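*Asks:* Quick one: the structure is below, and I'll ask about it shortly.
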Amino acid sequence: MKEIAKKLGVSVSTISRALKDSPELHPETKRKIVEMAKEMNYQPNLLAQSLRISRSKTLGVIVPEITSHFFASCISGIQDHANTRGYNVIICQSNESLDQEKANIRTLVSSQVDGLLISLSRETNRFEHLYDLYNREINFVLFDRVQEDIPVSKVTFNDAGGAYQVVKHLLENGSRKIVYVSGPEDLYISKKRKEGYLKALKEYGLEEDPSLIKITDLTESGNIQVAQEILKMDPRPDAVFCMIDPVAVDVLTEWKAQGIRIPEDIALAGFTNNPTSAVVEPPLTTVSQPGYEMGKLAATHLLDQLDGIASEDPISIILETTLVPRKSSQHFQNH
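Here it is, written out as structure tokens:
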């Protein structure tokens with residue numbers, strides 16, 4: 001193309017436009033270029049074109065843990081939808097580690113994926129790696145655990161609304177001293193679920209009490225430690241709302257080992273509706289989140305962006321949740 005441009009005294013971009021039959025060029029200019037290209041036996045470099053178009057028809061997905069029922073559901077939604085649109089999916093897990101999340105991003109970008117779907121690790125409290133992706137104009141969508149300030153599209157649940165529903169349910173059942181067991185405070189879902197918790201308390205004329213908010217690092221040992229701390233509180237709370245079901249299940253297991261009766265001594269509720277929450281004894285009151293739907297919507301939006309169907313302006317998709325009341329919170333005949 002450079003040689004054709006040199007011979008005809010025009011720019012390489014003009015040659016490129018002519019060979020793509022661009023309507024912007026004068027027909028006579030186009031005719032001369034096409035004739036010269038034939039004369040010089042010009043063949044387009046398909047490999048270079050595919051690199052320039054940069055379509056590997058592959059999406060990269062990063063989740064905190066693949067074994068979690070919720071993230072497995074998201075991955076199914078992503079994969080099913082990507083496959084119907086002719087895309088493959090590479091899945092990485094950060095194992096809740098910021099360093100691993102960064103390494104996953106590097107690996108996927110160097111594998112030339114067309115775009116990324118990312119749910120952040122519990123350690124992610126610095127976001128330079130995301131701004132780097134954004135500045136390099138690499139398409140990505142954040143889902144479930146997101147960072148609010150970065151100007152990319154996000155798919156989240158109405159976390160505040162779901163937490164409000166479950167805490168209101170505890171209040172309606174007679175609880176007044178309700179502990180919120182939060183994950184790391186930097187996590188988007190920790191903040192949002194706390195908002196819903198406080199909103200429900202406020203409606204019942206209850207003040208925010210910092211001593212009723214406990215933080216866990218979401219590990220089993222961290223969850224057990226919080227469960228033990230709650231039992232030592234004086235007066236003891238009458239209900240506990242855990243940010244996610246796995247925390248609530250660890251709390252329940254520890255309490256039962258200590259001879260605590262649920263819900264008679266303390267009511268308990270979680271969030272996410274993991275399969276485990278229905279089979280523990282007593283079954284756990286929780287909030288259902290459609291993970292499959294979240295994955296499908298995140299993949300749809302990313303592919304629409306890649307195909308130029310969606311606007312380049314970031315959007316926020318918020319999915320609703322549903323309260324699932326079970327035995328762990330149904331008590332309070334004594335109130």
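Reminder that position 252 of the sequence shown reads as 252 in UniProt numbering, one-by-one numbering, no gaps.
Every residue gets a Cβ at the ideal spot worked out from N, C-alpha and C, and that includes glycine.
Only a predicted model underlies this, so the values are computations on that prediction, with no experimental measurement involved.
Please confirm whether VAL181 and VAL226 have their CB atoms less than 7 Å apart.
*Replies:* One-based indexing of the sequence shown puts residue 181 at position 181. One-based indexing of the sequence shown puts residue 226 at position 226. Result yes, Cβ atoms of VAL181 and VAL226 sit closer than 7 Å.
*Asks:* Closest to ASP217 by CA distance: which of ARG17, ALA72, VAL63, THR124 is it?
*Replies:* Along the sequence shown, read from residue 1 onward, the residue named residue 217 stands at position 217. Closest by alpha carbon: THR124.
*Asks:* Roughly how many whole angstroms lie between the Cα atoms of PRO282 and LYS256?
*Replies:* For the purposes of this step, residue 282 is taken as the residue at position 282 of the sequence shown. For the purposes of this step, residue 256 is taken as the residue at position 256 of the sequence shown. Each residue's Cα considered, the two are about 10 Å apart.
*Asks:* Does the beta-carbon of ALA294 have 16 or more other beta-carbons within 10 angstroms, so that it is buried, or is it exposed?
*Replies:* For the purposes of this step, residue 294 is taken as the residue at position 294 of the sequence shown. Reading off the sequence, residue 294 comes out as Met, not Ala. Under this definition MET294 is a buried residue.
*Asks:* Between LEU201 and SER329, which are expected to be in contact by the criterion C-beta below 8 Å, what is the C-beta distance as a whole number of angstroms?
*Replies:* Position 201 of the sequence shown holds residue 201. Position 329 of the sequence shown holds residue 329. Contact doesn't hold; Cβ gap of about 16 Å is too wide.
*Asks:* When you compare the stretch 261 to 271 with the stretch 234 to 249, are there three or more beta-carbon pairs, one atom per stretch, that lie closer than 8 Å?
*Replies:* The stretch 261 to 271, when compared against the stretch 234 to 249, does touch it at the 8 Å Cβ threshold.
*Asks:* Could you check if HIS26 is buried or exposed, using at least 16 other CB atoms within 10 Å of its CB as the buried criterion?
*Replies:* In the sequence shown, residue 26 corresponds to position 26, counting from 1. By the neighbour-count rule (16 or more Cβ atoms within 10 Å), HIS26 is not buried but exposed.
*Asks:* Would you kindly check if the distance between the Cβ of HIS301 and the Cβ of VAL61 is under 7 Å?
*Replies:* Along the sequence shown, read from residue 1 onward, the residue named residue 61 stands at position 61. Along the sequence shown, read from residue 1 onward, the residue named residue 301 stands at position 301. No. Outside cutoff.
*Asks:* On the DSSP letters alone, give me the boundaries of the alpha helix (DSSP H) that TYR204 sits inside.
*Replies:* Here residue 204 corresponds to residue number 204 of the sequence shown, with the count starting at 1. Counting along the chain, TYR204 falls outside any alpha helix (DSSP H), and DSSP gives it neither H nor E.
*Asks:* Taking DSSP as the reference, what is the three-state secondary structure of ASN223?
*Replies:* Translated into positions along the sequence shown, residue 223 becomes position 223. DSSP places ASN223 in helix when its eight states are reduced to three.
*Asks:* Check whether the stretch 93 to 102 touches the stretch 309 to 326, taking contact to mean three or more Cβ pairs, one atom from each stretch, closer than 8 Å.
*Replies:* The stretch 93 to 102 is not in contact with the stretch 309 to 326.
*Asks:* Just tell me which of GLU39, THR219, ASP307 has its CA closest to the CA of ASN95.
*Replies:* On the sequence shown, position 95 is the one that residue 95 refers to. ASN95 has its Cα closest to that of THR219, out of GLU39, THR219, ASP307.
*Asks:* Rounded to the nearest angstrom, what separates GLU207 and LEU284 at their Cα positions?
*Replies:* Here residue 207 refers to the residue found at position 207 of the sequence shown. Here residue 284 refers to the residue found at position 284 of the sequence shown. About 26 Å.
*Asks:* Among the candidates ALA267, ASP265, VAL287, whose CA atom is the shortest distance from the CA of PRO275?
*Replies:* Taking the sequence shown and counting its residues from 1, the one referred to as residue 275 is at position 275. The candidate whose alpha carbon is nearest that of PRO275 is VAL287.
*Asks:* What is the DSSP secondary structure of TYR87, reduced to helix, strand or coil?
*Replies:* Here the question's residue 87 lines up with position 87 in the sequence shown. DSSP places TYR87 in coil when its eight states are reduced to three.
*Asks:* Just mark TYR188 as buried or exposed, buried being the case when its beta carbon has 16 or more other beta carbons within 10 Å.
*Replies:* Taking the sequence shown and counting its residues from 1, the one referred to as residue 188 is at position 188. With 16 or more other Cβ atoms within 10 Å, it is buried.
*Asks:* Please state the DSSP three-state secondary structure of GLY196.
*Replies:* Residue numbering aside, residue 196 sits at position 196 when the sequence shown is read from its first letter. In this structure, GLY196 counts as helix in the three-state DSSP scheme.
*Asks:* Among ASP307, GLU24, LEU133, ALA239, which residue has its Cα nearest to the Cα of VAL109?
*Replies:* Taking the first residue of the sequence shown as position 1, residue 109 is located at position 109. For VAL109, the nearest C-alpha among the options comes from LEU133.
*Asks:* So is LEU46 buried or exposed if we call it buried at 16+ other beta carbons inside 10 Å?
*Replies:* Your numbering for residue 46 matches position 46 in the sequence shown. Residue confidence for LEU46 is low, a pLDDT of 49 falling below 50, so the modelled location carries little weight; the figure read from the coordinates is stated next. Burial call: exposed.
*Asks:* Suppose the cutoff is 6 Å on Cβ atoms and the five residues either side in sequence are ignored; what does the same chain contact list for residue 357 look like?
*Replies:* Not covered by the structure: residue 357. The range shown for the chain is 1 to 335.
*Asks:* Leaving aside the five residues before and after GLY77 along the sequence, list all residues of the same chain whose C-beta is less than 6 Å from its C-beta, in chain order.
*Replies:* Looking up residue 77 in the sequence shown gives position 77. If we look at GLY77 and ignore the five residues flanking it on each side, its Cβ neighbours are TYR292, GLY295, LYS296.
*Asks:* To the nearest angstrom, how far is it from the Cα of PRO237 to the Cα of VAL279?
*Replies:* Here the question's residue 237 lines up with position 237 in the sequence shown. Here the question's residue 279 lines up with position 279 in the sequence shown. Their Cα atoms are separated by approximately 25 Å.
*Asks:* Tell me the residue span of the alpha helix (DSSP H) that contains TYR292.
*Replies:* Numbered from its first residue, the sequence shown carries residue 292 at position 292. Looking at the DSSP string, the run of the alpha helix (DSSP H) that includes TYR292 is 291 to 306.
*Asks:* Please report the distance separating the alpha-carbon of SER316 from that of GLN79.
*Replies:* Position 316 of the sequence shown, counted from the first residue, corresponds to residue 316. Position 79 of the sequence shown, counted from the first residue, corresponds to residue 79. Approximately 21 Å, taken between the alpha carbons.
*Asks:* Taking the alpha-carbon positions, what's the ILE213 to LEU120 distance?
*Replies:* Translated into the one-based positions of the sequence shown, residue 213 becomes position 213. Translated into the one-based positions of the sequence shown, residue 120 becomes position 120. Going by the C-alpha atoms only, they are around 23 Å apart.
*Asks:* I'd like the span of the beta strand (DSSP E) that includes GLY115, first residue to last.
*Replies:* Start at 1 with the first residue of the sequence shown, and residue 115 comes out as number 115. Unbroken beta strand (DSSP E) run through GLY115: 115 to 118.
*Asks:* What residue ranges within the stretch 167 to 194 form continuous beta strand (DSSP E) runs of no fewer than 3 residues, ordered along the chain?
*Replies:* The qualifying runs are 178 to 182.
*Asks:* Please list the terminal residues of the continuous beta strand (DSSP E) segment that includes LYS214.
*Replies:* Taking the first residue of the sequence shown as 1, we reach residue 214 at position 214. Where LYS214 is concerned, the enclosing beta strand (DSSP E) stretches over 213 to 215.
*Asks:* Tell me where the alpha helix (DSSP H) around VAL247 begins and ends.
*Replies:* In the sequence shown, the residue the question calls residue 247 occupies position 247. Note, VAL247: alpha helix (DSSP H), 245 to 257.
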